[in-house]
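Below is one structure; the comments refer to it alone.
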Amino acid sequence: MYEIQPEDAELLKYFRTTTTKNRPLKLNRLLNRLRMGPLPGKKVIVCTKPYSEYAIGTLGQYRGDPIKLDEKRYTSLADAQWALLKLRWESISPYPWPADLD
Amino acid sequence: MPVPPGVGRFGASMYEILGYPSTWTVAPGETIEFKVSCAQPLRYYADLVRIRCGDSSPGAPGLKETVVLPGIARNIQGRHQPTEIGSRAIAPALAETAHRVRSWILAIMPTLPSSRHEQVILSRWDATSATGYALGLDLQGCLFWEQGEGGQLGRITLTRPVVARQWYLVAVTVDDRNGEVALSQIPANPLLASCSDDTAQATLPVPPGPLVDTLPLSMGAAATAHESPRWERHYNGRIDSPTLLPYAAENKDLGQLRVAACERRYAQPPLSAWDFSQHIDSDIIVDTAVAWRTGKLENLPVRAVPGVRWNASQMNWRHCPDHYAAIHFHDDSLEDANWETDFCLTIPTDLASGLYAARLTGPNGEQERITFIVRPAPGAARKPIAFLASTATYLAYSNSHYRLDDEGMEMKAGNFMVLYPWEVYLGEHRELGLSLYDTHSDGYGVYYSSRRRPVFSMHLQCRTWSLNADTLYLDWLDEKGFDYDVITDDMLHEEGLQALEGYRVVMTGAHPEYWSTRMWQAMVAFQQQGGRLMYMGGNGFYWRCAYHPEKPWLMEVRRTETGARYSETPPGESYHSYTGEYGGTWRRIGTPPQTLVGVGTTATGFDASSYYRRLPDSNDPRAAFIFEGVNEEIIGNFGNAGGGAAGDEIDRADFRLGTPAHALIVARSEKHTRYYNVVPEETTYHHPTINGEEARNCYADMVFYECLNGGAVFSTGSITWGASLAWNGYDNNVSRITENVLRRFANPTPFPFPSKN
Numbered sequence: 001m002y003e004i005q006p007e008d009a010e011l012l013k014y015f016r017t018t019t020t021k022n023r024p025l026k027l028n029r030l031l032n033r034l035r036m037g038p039l040p041g042k043k044v045i046v047c048t049k050p051y052s053e054y055a056i057g058t059l060g061q062y063r064g065d066p067i068k069l070d071e072k073r074y075t076s077l078a079d080a081q082w083a084l085l086k087l088r089w090e091s092i093s094p095y096p097w098p099a100d101l102d
Numbered sequence: 001m002p003v004p005p006g007v008g009r010f011g012a013s014m015y016e017i018l019g020y021p022s023t024w025t026v027a028p029g030e031t032i033e034f035k036v037s038c039a040q041p042l043r044y045y046a047d048l049v050r051i052r053c054g055d056s057s058p059g060a061p062g063l064k065e066t067v068v069l070p071g072i073a074r075n076i077q078g079r080h081q082p083t084e085i086g087s088r089a090i091a092p093a094l095a096e097t098a099h100r101v102r103s104w105i106l107a108i109m110p111t112l113p114s115s116r117h118e119q120v121i122l123s124r125w126d127a128t129s130a131t132g133y134a135l136g137l138d139l140q141g142c143l144f145w146e147q148g149e150g151g152q153l154g155r156i157t158l159t160r161p162v163v164a165r166q167w168y169l170v171a172v173t174v175d176d177r178n179g180e181v182a183l184s185q186i187p188a189n190p191l192l193a194s195c196s197d198d199t200a201q202a203t204l205p206v207p208p209g210p211l212v213d214t215l216p217l218s219m220g221a222a223a224t225a226h227e228s229p230r231w232e233r234h235y236n237g238r239i240d241s242p243t244l245l246p247y248a249a250e251n252k253d254l255g256q257l258r259v260a261a262c263e264r265r266y267a268q269p270p271l272s273a274w275d276f277s278q279h280i281d282s283d284i285i286v287d288t289a290v291a292w293r294t295g296k297l298e299n300l301p302v303r304a305v306p307g308v309r310w311n312a313s314q315m316n317w318r319h320c321p322d323h324y325a326a327i328h329f330h331d332d333s334l335e336d337a338n339w340e341t342d343f344c345l346t347i348p349t350d351l352a353s354g355l356y357a358a359r360l361t362g363p364n365g366e367q368e369r370i371t372f373i374v375r376p377a378p379g380a381a382r383k384p385i386a387f388l389a390s391t392a393t394y395l396a397y398s399n400s401h402y403r404l405d406d407e408g409m410e411m412k413a414g415n416f417m418v419l420y421p422w423e424v425y426l427g428e429h430r431e432l433g434l435s436l437y438d439t440h441s442d443g444y445g446v447y448y449s450s451r452r453r454p455v456f457s458m459h460l461q462c463r464t465w466s467l468n469a470d471t472l473y474l475d476w477l478d479e480k481g482f483d484y485d486v487i488t489d490d491m492l493h494e495e496g497l498q499a500l501e502g503y504r505v506v507m508t509g510a511h512p513e514y515w516s517t518r519m520w521q522a523m524v525a526f527q528q529q530g531g532r533l534m535y536m537g538g539n540g541f542y543w544r545c546a547y548h549p550e551k552p553w554l555m556e557v558r559r560t561e562t563g564a565r566y567s568e569t570p571p572g573e574s575y576h577s578y579t580g581e582y583g584g585t586w587r588r589i590g591t592p593p594q595t596l597v598g599v600g601t602t603a604t605g606f607d608a609s610s611y612y613r614r615l616p617d618s619n620d621p622r623a624a625f626i627f628e629g630v631n632e633e634i635i636g637n638f639g640n641a642g643g644g645a646a647g648d649e650i651d652r653a654d655f656r657l658g659t660p661a662h663a664l665i666v667a668r669s670e671k672h673t674r675y676y677n678v679v680p681e682e683t684t685y686h687h688p689t690i691n692g693e694e695a696r697n698c699y700a701d702m703v704f705y706e707c708l709n710g711g712a713v714f715s716t717g718s719i720t721w722g723a724s725l726a727w728n729g730y731d732n733n734v735s736r737i738t739e740n741v742l743r744r745f746a747n748p749t750p751f752p753f754p755s756k757n
C-alpha cells in the first residue's frame, strides 16, 4: 500500500483542474490511496437529487444500514468531490490539509 | 433495524411505489399482471405508456413517453406488501417420537458462523406454542440444540465455535424417557478446524411427542408465528445428508456420513435420510428412507455445490452426484417476492411491438413505471428490423449492490464513490434481493437471479445501463423513422431460431452480455440463413447463462475460472445446476464472441470514454456504404456516457480467436485512460502496463464482414456507442454510420461473400 508523502500535499491543488484523462501519475497514485479503505464508516458522496444535488454520506457498519447524510448540500458534483477529498485526506494522510487550498 | 420502504430521502415521490410485472415479454392478446407495493397506503391510477427514451442523465435525450391507453387501472388502493428473503428446505411431518431414543446426524459447513442473528440449521418447531426442537448456531458461532414445550425451553450449547467454511460431522441424541440430550461436533478435517471438536450433555424439557410428530421439518430457517415474516433465523452454510436414526448414534454411525449414500450401513434403518444428491437440477429434495417422501426448497438455496465427501476428484456434479450432496443456504436469497396482483392488462391485439410501461401515479406525484416488452404476436408478420432487448443481461444486473459492498469499486471507477438514489435505496432495502454481481452475506458469489421481484435494471431514469441505456437505441430508431419489432432474450431462449425468423436484421442493445446455449445457437443459425446482425455494444456474448428449465423467471450464472468478475467461483462449482452445462465465458467454453460478431471483450473502464479513428479498411469498397456521408477521420468524440462513443467496456478483433479472415476493421478507438484495464483472459499474468494508457490491446474495434448466404455483421465493440447517437440533434457521424448500416442491412439485396481478401 502506498504511504502518503509530505510532498503529496502539493498535488492536491491539481485535483480540480484535471480529469482522469490528464492527471499526473503521482496525483493518480495519491488518489488511489485516498479511495482505498474499508467500507464500514467510509465517507462517500450521495446524490440526493438526480444530477443536481449532492451530500457527504457515511456508510453504516453493516449491509443494509442507512447511510447517514451530512446536512450540507452541494449543487455541483465537483464541489462535493472537493469536500470529500479534504475529508479523506484528513482521515488517511498523516499531514495537514494545506491552508492555502481553501 | 431495516429501513422502512420508501423513506422519502430523495423527495416525496421516489420509490414510494414499487412494482413488477408477471412477465417481461408479452404478446398481443396475452394478459400481464402487475404486483405493486406502496411505502404508505395510497390510491393510485395507471396508464399504459409507450417508452421511447428513459435516459435522463446529463446530455441524454431525457424521458420520452406516450400514453397509449389511459386509465388501465383506476383508484387502486395501494398498500405495503412484505418481501421475505432467506432460503430454506421444507419437508412434511414425520412420526419419530415413538422411538424414544433417536439421533440426528448430519454434516454442516457454516459459512458465516458469527452472524448478527442466531441461525437454525434444522428444526421441527411450532412458534405459536414455542414447542419443538431446533439445531442451530448462536451469535458466537457455537452449535446449540434447544427443545421444549410452551415456552419452557432448554438449550445445550457447545463451547467451541465452529470454523467458517469447514465441514463438521454433527450428532444430536435425544432420550425422551428422561430428557437427556447429547450434542457433538467433529471437524471433518481436524487440521484446518483444529481444537473445535466438542461434546456436551444435558437434561432438557421434552417436547410432547404427538405435537412434534405433526410438525414439518425445516432446514436453513425456523418458522415464526407470524404471517410476515413466516421464517426467521436463517442459516448461512451447507448441509449434507441429514439423517434421523431410531437409536443413539455412535461414532461409527457418524462415520457413515463420509460414505456414499447408497453404501451406508446402520444398526437399524433410518427414520429419515435426506439425500441432496438426487434431483440436483430441481427444487425437490428426497428422503430415501421413506418411499415417495419429498420436500421442497424455497427462495433459491444453492445446489450443485461440493459436499462433505467432495475430494476434488470430480468437477462436474453430474459425474458424481454423491460428492455434491450439499445444499447451500443463505439469509439473503430471494426467488419470489410473492406480492399479490393489483391489476391486470390484456394487451390489445393491434398494439405495436415495443417497450411499454404501466405508469402508476399517486396523489402527490408518486410515480413508478413497471416496464415490459410487447413482442410481435406469434405468427404475425415481422418487420424487417428486430431490436433484441437484452433481458438476460438485465436480469443478471437486476438489483446490483456491488458498488456499496465491494471496497475495490472506487479504484475500479477511478473516481470517489458517488451513490445515486437507486443505489442508496437498494443498499437500504436488502429485501429486494441481489444481482449476479453481488456476494451473499457470507461472501459467496450469487448464482441465481429472479424476475419475480422489483428489478431496478428494468427502471428508467437511472444509470445509463441495462434497459435504460438500450432505450437510447429505441429513441434513435423512432427519430429516424425505422419500423421495427422489439424481441427479447427470454423469447429467443424459449423459441430459438423461430424467434428470429422473418427478420432481415437483428440489432442488439448496448450490452448483450449473457447468452444461453440456446440463444447462441439460434443466433448462429440466423446468421447461417443470411440474417444480418448489428452488434451495437460492448462486452457482448461474454458469459454463458442458464435459464431454469421449468421456471422461466430464473437464471443462473457460474463464472468459473476467468473473465471480468466480481467474485470467484469456488472449485468444483463451475457447472450450472439448472442445465449441467459448464459455465464461464464463451471464449473459455470454446466459441469466442469473435466467431459470432468479429470482436470480443478486451478491457473495461468507467471513468471516461474515448473516440474511434478510421483505419485503412474503412476505404475498402466493401465498407463504402458504412461511411457514406462521413468525411471525418475521428468518429464519436462526443456523447453523454463519458464523452465518447468508445467506452465502459470495449471489444477488439482477434483473428486467432475467430474473427473471420475477411473481416474489415474499419475503425479503432484510442487514448483510453489508466482506469481502463485489460480483462483477465487477455493477460495470463498481471503487470503494470495493462491499463488504457500503456496496454497494447486496449481499444474498441469497429468491424464489418459478410457472412454466408448474403448475410453480414457490423460491430461497434463499445457500450457507450448508443449514448452518442442523439448528440447534436441526431446529426453526427455515430448516428450516420448506424443509419447507413441499418438501411443496408435491412435491404434484402444479398451481401456478396468476398472471393478473396
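Protein sequences appear in the order of chains R and L. Numbering of the first sequence is given in the working numbering, commencing with residue 1 and proceeding in unit increments. Numbering of the second sequence is given in the working numbering, commencing with residue 1 and proceeding in unit increments. Heads up, the beta-carbon is just placed ideally off N, CA and C, and yes, glycines get one too. In this text the structure is predicted, and so the values were computed from the model without any measurement.
For residue i, the nearest candidate out of the options (CA to CA)
i	options	result
L/Glu-335	L/Arg-88, L/Tyr-542, L/Arg-160 and L/Tyr-133	L/Arg-88
L/His-511	L/Leu-467, L/Ala-522 and L/Pro-454	L/Leu-467
L/Ser-450	L/Leu-204, L/Leu-18, L/Asn-299 and L/Glu-479	L/Asn-299
Backbone CA spacing between residue i and residue j [nearest angstrom]
i	j	result
R/Tyr-62	L/Phe-655	48 Å
L/Arg-177	L/Ile-280	39 Å
L/Gly-59	L/Ala-325	53 Å
R/Arg-23	L/Thr-673	10 Å
L/Tyr-444	L/Gly-584	16 Å
L/Tyr-394	L/Met-491	14 Å
L/Glu-368	L/Leu-360	5 Å
L/Phe-753	L/Pro-70	50 Å
L/Ser-390	L/Thr-23	14 Å
L/Trp-586	L/Leu-153	55 Å
L/Pro-82	L/Arg-230	11 Å
L/Met-315	L/Asp-275	19 Å
L/Glu-494	L/Tyr-247	51 Å
Buried/exposed call for residue i, threshold 16 Cβ in 10 Å
i	result
L/Lys-252	exposed
R/Ser-76	exposed
L/Ser-228	exposed
R/Thr-19	exposed
L/Trp-310	buried
L/Pro-522	Looking at the sequence shown, residue 522 of chain L is not Pro but Ala. Classification for L/Ala-522: buried.
L/Cys-262	exposed
L/Asp-651	buried
L/Cys-142	buried
L/Cys-195	exposed
DSSP three-state assignment for residue i, whether helix, strand or coil
i	result
L/Arg-177	coil
L/Gly-255	helix
L/Asp-138	coil
L/Leu-615	coil
R/Ser-91	helix
L/Val-212	helix
L/Ser-755	coil
L/Ala-249	coil
R/Pro-6	helix
L/Trp-231	strand
L/Gly-154	strand
L/Cys-195	coil
Beta bridge counterpart(s) of residue i as assigned by DSSP
i	result
L/Leu-355	L/Ile-373
L/Leu-472	DSSP lists no partner for L/Leu-472.
L/Phe-416	DSSP output for L/Phe-416 lists no bridge partner at all.
L/Asn-677	L/Thr-604 and L/Asn-691
L/Gly-445	L/Thr-439
L/Tyr-535	L/Ser-715
Along the region 408-420 of chain L, where does the CB come closer than 8 Å to a CB of chain C? Name the residues. The chain labelled as chain C is not found among the protein chains of the depicted structure, namely R and L.
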